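Each remark here refers to the structure printed beneath this line.
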């Protein structure tokens, strides 16, 4: 895998406030990485640092082999960026704005029509952007980020304002780019949505990186219990509770359902027991900790420290 | 270079779309035509050549109007785009900040030059069509007036950029732009005049007066257009031009400096700005 973005103990201060503190990570081609954190956790600042829009107070940043703030813009031709709350000049049409940005990237204007088609703006391409809805502006923002088949895509809250169907096609596009070897870094609040799409998750809290890894790795580190929800055979809920031994880990949800929080090492044993001959069980659901749970866990453990 | 032209082209495109170009041209043309025909009424056919009268009235108009138009276009250029969020996206593209600024400058000056040329040109054409005799000398003076008007506008565009790059909010930029206009166009001359009257030639020497006149682009513009040849007799500026004795080239240099210095300062301020 080729290295595309490299951050080494990067710190960024705005006056006395440290927006980002001692953050290091390396991203590679083909990775889809989710940058997760509260508002003000430093996600947008990190993206601006990677683009060279602001300079790091300490540490070093490398983007496609260059220092992005050094004033050499060769690397930026291969970078696509979608800012949070993207906006355009309302007086121009979608097609005009796209040809403006295409010229800045020295891209052929012929690439514009297919891109607009792909984000579903083909019909609105010649209308003034002032008449666009928020979702349409977001799609136009995505289209400009895709100009020139970028090797790195930085997407700040890309799915806000997109309806579910468009979200789906948005993630299809992301997948396609990463298959082609591009690095996609996306920040979002919609954690459940990212869970299946992002190969890697970086969790930020108040400017500090608190976790970094695949969702599976993070689950292993966090040691969060897997929730096993058992629907007992009719009227057998009490027997189902005792079937698994110590009732302390069991919660009765309702007349027919109990929940067990299983630590990672107990999980298999519990499942074996549940599938034994004569178990008073009608149905079983296994709910691994979601990205939401993991996120909450890492924030808590950092706050406690 | 190509980046500068791309930005300039977009500025012009936007100017056409939001009717800046149209309104400015129409405004200048309407005022120029009004002044041409009202202004020539009192002189009748005696002595003064019609185009010279127009030069005097148009340059008096320019001194007030072009700085105002220039500041209106330019005060928003950087802070407005930053506030709307379009600057962030633009700067993530392979383009340097000074190129953005210079591209805007080329675009805005083109808009202003187009409007001035067309608007004032209309006055000259109207005079010619109504049968006034226009000789080569007046025509040269007229061309010089149009060109220096654009240069004066360019200076105020650059000043507007400096204001725009220095502040954090659009409202502040607008306030400062109005203050700059008031000071340079109105208050400076009144204060200078008051001082000269009170002083009665005690401390203000010719050299100091020269320096003070060069320190204000509108004064440099006035001296450049209202003191040459036939025009000075009409404009009543003959008196001051004899005391001030500034050569046209030094006046032009002052106007150019008023363009370049704020532009460079604006580029430096913009380069340091955190987005």
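Protein chains in written order, with my numbering: chain E, -19 to 285; chain F, 29 to 303.
Glycine is no exception: its CB is placed at the ideal position from the N, C-alpha and C atoms.
Fair warning: this is a prediction, and the values are worked out from it, not measured in the lab.
Residue-chain proximity (residue i, chain F), Cβ-Cβ < 8 Å
i	result
residue 247 of chain E	no
residue 71 of chain E	yes
residue -15 of chain E	no
residue 23 of chain E	no
residue 189 of chain E	no
Interface partners of residue i on chain E, CB under 8 Å
i	result
residue 113 of chain F	63, 65, 66 and 67
residue 300 of chain F	Ordered by position in chain E, no residue passes the 8 Å Cβ test against residue 300 of chain F, which lies about 10 Å from the chain.
residue 196 of chain F	Here the premise fails: no neighbours, minimum Cβ distance about 13 Å.
residue 101 of chain F	None at all; the shortest Cβ gap to chain E is about 14 Å.
residue 34 of chain F	80, 83 and 84
Test item: CB-CB of residue i and residue j under 8 Å
i	j	result
residue 86 of chain F	residue 60 of chain F	yes
residue 78 of chain F	residue 177 of chain F	no
residue -10 of chain E	residue 36 of chain E	yes
residue 132 of chain E	residue 58 of chain E	yes
residue 182 of chain F	residue 83 of chain F	no
residue 9 of chain E	residue 163 of chain E	yes
residue 192 of chain E	residue 260 of chain E	no
residue 180 of chain F	residue 96 of chain F	no
residue 108 of chain F	residue 63 of chain E	no
residue 36 of chain F	residue 135 of chain F	yes
residue 168 of chain E	residue 137 of chain E	yes
residue 299 of chain F	residue 126 of chain F	yes
residue 295 of chain E	residue 267 of chain E	Residue 295 of chain E lies beyond the stretch modelled for chain E, which goes from -19 to 285, so this question has no answer here.
residue 30 of chain E	residue 157 of chain E	no
residue 32 of chain E	residue 124 of chain F	no
Proximal chain E residues relative to residue i, where beta-carbon distance stays under 7 Å
i	result
residue 121 of chain F	56, 81, 84 and 85
residue 38 of chain F	80
Proximal residues of chain F, C-beta to C-beta of residue i below 8 Å
i	result
residue 289 of chain E	In this structure chain E extends from -19 to 285, so residue 289 of chain E is not present and cannot be described.
residue 76 of chain E	41
residue 34 of chain E	302 and 303
residue 51 of chain E	124
Residue nearest to residue i in terms of C-alpha spacing, selected from the options
i	options	result
residue 49 of chain E	E:17, E:152 and E:34	E:34
residue 128 of chain F	F:295, F:190 and F:48	F:295
residue 81 of chain F	F:152, F:179, F:244 and F:283	F:152
residue -15 of chain E	E:-9, E:17, E:44 and E:-6	E:44
residue 103 of chain F	F:118, F:132, F:116 and F:143	F:132
residue 302 of chain F	F:100, F:116 and F:42	F:116
residue 276 of chain E	E:17, E:-3, E:10 and E:6	E:17
residue 276 of chain F	F:206, F:252, F:113 and F:286	F:252
residue 64 of chain F	F:149, F:143, F:121 and F:99	F:149
residue 100 of chain F	F:54, F:163 and F:184	F:184
residue 250 of chain F	F:40, F:52, F:214 and F:228	F:214
residue 195 of chain E	E:73, E:179 and E:91	E:179
residue 235 of chain E	E:219, E:246, E:250 and E:269	E:219
residue 73 of chain E	E:253, E:95, E:223 and E:111	E:111
residue 166 of chain E	E:160, E:190, E:90 and E:140	E:140
residue 98 of chain E	E:135, E:153 and E:85	E:153
Residue i: contacting residues in chain F (beta-carbon distance under 7 Å)
i	result
residue 31 of chain E	120
residue 115 of chain E	Neighbours of residue 115 of chain E on chain F: none; closest Cβ ~17 Å, over 7 Å.
residue -4 of chain E	Going along chain F, no residue has its Cβ under 7 Å from residue -4 of chain E, so there is no contact; the nearest lies around 15 Å.
Contacts around residue i, its chain only, beta-carbon distance under 6 Å, and the 5 residues preceding and following it disregarded
i	result
residue 74 of chain F	Caution is warranted here: a pLDDT of 49 is assigned to residue 74 of chain F, below 50, making its placement in the model unreliable, and the coordinate value is therefore given only provisionally. The answer is none, since no qualifying residue turns up.
residue 262 of chain E	211 and 213
residue 22 of chain E	-1, 0, 184 and 187
residue 232 of chain E	238
residue 77 of chain E	68
residue 25 of chain E	-8, -1 and 0
residue 247 of chain E	206
Contacts around residue i, its chain only, beta-carbon distance under 8 Å, and the 5 residues preceding and following it disregarded
i	result
residue 203 of chain E	243 and 244
residue 100 of chain E	119, 146 and 149
Proximity test, Cβ basis, 8 Å: residue i and chain E
i	result
residue 22 of chain F	Here chain F covers residues 29 to 303 and nothing more, so residue 22 of chain F does not appear.
residue 74 of chain F	Model confidence at residue 74 of chain F stands at a pLDDT of 49, short of 50, so the residue's coordinates are unreliable; what they give is reported in the following sentence. So, not an interface residue.
residue 45 of chain F	yes
residue 31 of chain F	yes
residue 296 of chain F	no
residue 117 of chain F	yes
Residues near residue i by beta carbon distance below 7 Å, same chain, minus five either side
i	result
residue 244 of chain F	212 and 216
residue 273 of chain E	204
residue 57 of chain F	146, 147 and 150
residue 81 of chain E	124 and 127
residue 116 of chain E	101 and 104
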